[in-house]
Amino acid sequence: MTPMRIFSGIQPTGSKHLGNYIGAIAQYVEGQDRGEALYCLVDLHATTLPYEPVELRRSLYDLTALLLAAGVDPERCILFRQGDVQEHTELCWLLCSVTELGRLQRMHQFRDKSLAQRELVSAGLLLYPVLQAADVLAYRAHEVPVGEDQREHLELMRDVARRFNARFGEGQEVLVVPEHRIPTVGARIMDLQAPERKMSTTGGTEQGTVLVLDPPAAIEKKFKSAVTDSGSEIKRDPQKPGISNLIDILAAVRGVGTEAIEMEFSSARYGEFKLAVAAAVVERLQPVRERYELLRADEPELERILAQGAEKAREIASQTLIDVRHHMGVGPPRRVQPLP
Ligand code: AQP
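So for the sequence shown, the numbering used here puts the first residue at 31; every next one is plus one.
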């Protein structure tokens, strides 16, 4: 039986924030014990918005070191760079034939990012979710750990896989229809200064965005100045987005339910509660920051880890592409049967 396969991609842009850490990175670490996990640094996706080539390389190493520091272990998963495995781009093109254009144009992320774009809105930005579908489908992954903001892209990916199987599969499930895995607590961490908006790399406030590599004093300052409301009760409530967000953060960092946090802090004041959240986040992130400094200093070693991961990833993806080409009638006829 094929082991449960987990796939997730992460952008090498900017510095990762607490939302990325809780919504994605912490899930990656946990996923290594549940199945065969593949984690991909998506440099090709990063080219869909304006960027600097030198900076892209630098941030790719930054993110590699950050993931390793957070506990992603290349001995227990496949950690690789998207641009090293050409099957992703080929499959993206092939999947375009079963992707509805209107649906791509209606995707929230495309609409938001293209509106925010002052210069060229690239075709890559529109095709972003097709490349994302190719990333996952190339590995016939069963599960995709992501935050809530990726739900729409995951639905598209599932639809593309189903359409492909219906159009070309001849009764077989050539591509696996993946499930998303969205954490029960912390799927959408909000900006500390604008808790009605998600914490975000491009759209957030500086003071409201806690970075994984922020020094402890900066983290404390950001939590101390977090926006709350005029009430005094520490309880989740749609009318209290700021305090609800802080409860979610503490629950996610401690790995407990939100009710446990509400109970523990039922008689605390907001100020005291904010300090407790800050302390828990610092305790969780400080070791990551310390390990990061050591790992980031050795670029040849980071490159070696990525190259080794790419080799393993290519082995899996190339088999899928043999099948996809065969079913689509693309390229020469298949002479040998692919390995099961
Ligand atoms: N606020 C969030 N809460 C929980 N999970 C989140 N994710 C992102 N924001 C939150 C999840 O983090 C993963 C990383 O995605 P990425 O690195 O590919 O995305 P990104 O575009 O660099 O990060 P942002 O912050 O989402 O950037 P913007 O807002 O600029 O587009 C994904 O699994 C995502 O769900």
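From the three backbone atoms N, C-alpha and C, an ideal C-beta is built for every residue, glycine too.
heavy atom of the ligand AQP below 7 Å from M187 C-beta
no
Under three-state DSSP, which class holds H75?
helix
Contacts around A347, its chain only, beta-carbon distance under 6 Å, and the 5 residues preceding and following it disregarded:
V115, E117 and A168
Quick one: measure Cβ to Cβ for I40 and L90, integer angstroms, because I've assumed they're closer than 8 Å.
With a Cβ gap of about 11 Å, I40 and L90 do not count as contacting.
Closer than 7 Å: A56 CB and nearest the ligand AQP heavy atom:
no
Just to check, is the beta-carbon of H47 closer than 7 Å to a non-hydrogen atom of the ligand AQP?
yes
Secondary structure of G372, DSSP reduced to three states:
Coverage of the chain is limited to positions 31 through 370, which leaves residue 372 absent and any answer about it impossible.
Excluding five sequence neighbours on each side, which residues of the same chain lie with their C-beta closer than 7 Å to the C-beta of D103?
Q62
Is the beta carbon of G154 within less than 7 Å of some heavy atom of the ligand AQP?
no
Whole angstroms are fine: how far does the CA of V307 sit from the CA of A224?
17 Å
As an exercise, report each continuous beta strand (DSSP E) stretch of at least 3 residues that is fully enclosed by the segment 122 to 186, in chain order.
173 to 175
How long is the line joining the alpha carbons of Q139 and T231, rounded to whole angstroms?
13 Å
Report back the beta-carbon spacing between L156 and Q135 to the nearest angstrom; my notes put them in contact at under 8 Å.
7 Å
Taking the alpha-carbon positions, what's the E85 to T78 distance?
14 Å
Is it the case that the CB of G61 approaches a heavy atom of the ligand AQP more closely than 7 Å?
no
N-terminal and C-terminal residue of the beta strand (DSSP E) that E209 is part of
E209 to R211
Check whether the Cβ of N195 lies closer than 7 Å to any heavy atom of the ligand AQP, and answer yes or no.
no
Regarding K252 and the ligand ATP, is the C-beta to nearest heavy atom distance less than 7 Å?
Summarising the ligand content, the structure contains the ligand AQP and does not contain the ligand ATP.
Hey, is the segment 211 to 219 in contact with the segment 269 to 287, meaning 3+ C-beta pairs nearer than 8 Å?
yes
Skipping 5 residues on each side, what residues in its chain have a beta carbon closer than 7 Å to that of A76?
Q41, P42, T43 and L86
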